[in-house]
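In my numbering, the protein residues as written are -16 to 175.
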């Protein structure tokens, strides 16, 4: 759960990052920005900000924003009842992204291993995405990703998004953020 002030600040910061990436959005789209803290209450380290443009029965297009060293938790888009999970292509638009997938572990990974990651990530084959680089993830591919020190903006092109069906390695994770209008913003007081 995050405080309303932190939620609103994250949306504002997301708009600033999209502007840095040269991505224009409408007022209606600004209102649709989703702030995801994975129910860990540590948005500074664990989370992703999402703007979904379209999500139909066949295709989905989104912008993903990550703040400096912010991590999207390890997960898969699973095949369910013979329906393939989501296939997605990430294209880095601004900043730097470290994407981790199954394969031979990269020596000296660039990701910052803060406390909410320890024991909850299992794949360490690193793919570095700079602006203009892209990588496609197929259904049932275990993955997680983290922004570099300045943050990042990623365009995601995929088959239908069914985020509510994602399976996370960390059993503490919830996909949808709860906002508390009464809680003080503690984000500045959290440790690494």
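Idealized CB from N, CA, C, for every residue including glycine.
Query                                                                                                                                                                                              : Result
Let me check understanding here. Comparing Cα to Cα, which of 137, 62, 155 lies closest to residue 31?                                                                                             : 137
Nearest to residue 40 by CA position, among 143, 65, 56, is which residue?                                                                                                                         : 143
Buried or exposed: which applies to residue 164, given that a residue is buried once 16 or more other Cβ atoms fall within 10 Å of its Cβ?                                                         : exposed
Considering only the alpha carbon of each residue, which of 145, 1, 92, 98 lies closest to residue 135?                                                                                            : 1
Determine, using beta carbons only, whether residue 158 and residue 147 come nearer to each other than 8 Å.                                                                                        : yes
Please go through the same chain and pick out, in chain order, the residues whose beta-carbon is closer than 6 Å to the beta-carbon of residue -10, but skip the five residues on each side of it. : 18, 162
Fully enclosed by the segment 101 to 136, which beta strand (DSSP E) runs are 3 residues long or longer?                                                                                           : 108 to 112, 117 to 120
Would the segment 112 to 126 count as touching the segment 36 to 51 if we require 3 or more Cβ pairs under 8 Å?                                                                                    : no
Check whether the Cβ atoms of residue 26 and residue -15 sit closer than 8 Å, and answer yes or no.                                                                                                : yes
Quick one: grab the DSSP three-state call for residue 76.                                                                                                                                          : strand
Assign residue 169 to buried or exposed, taking buried as 16 or more other Cβ atoms, counted over all protein chains shown, within 10 Å of its Cβ.                                                 : Residue placement at residue 169 is poorly supported in this model, since its pLDDT is 47, which falls under 50; the coordinates still yield a value, given next. Flag for residue 169 reads exposed.
Please report how far the alpha carbon of residue 38 lies from the alpha carbon of residue 12, in whole angstroms.                                                                                 : 14 Å
Looking at residue 113: is its Cβ nearer than 8 Å to the Cβ of residue 69?                                                                                                                         : no
Give me the residue from 149, 66, 109, 130 with the minimum Cα distance to residue 50.                                                                                                             : 130
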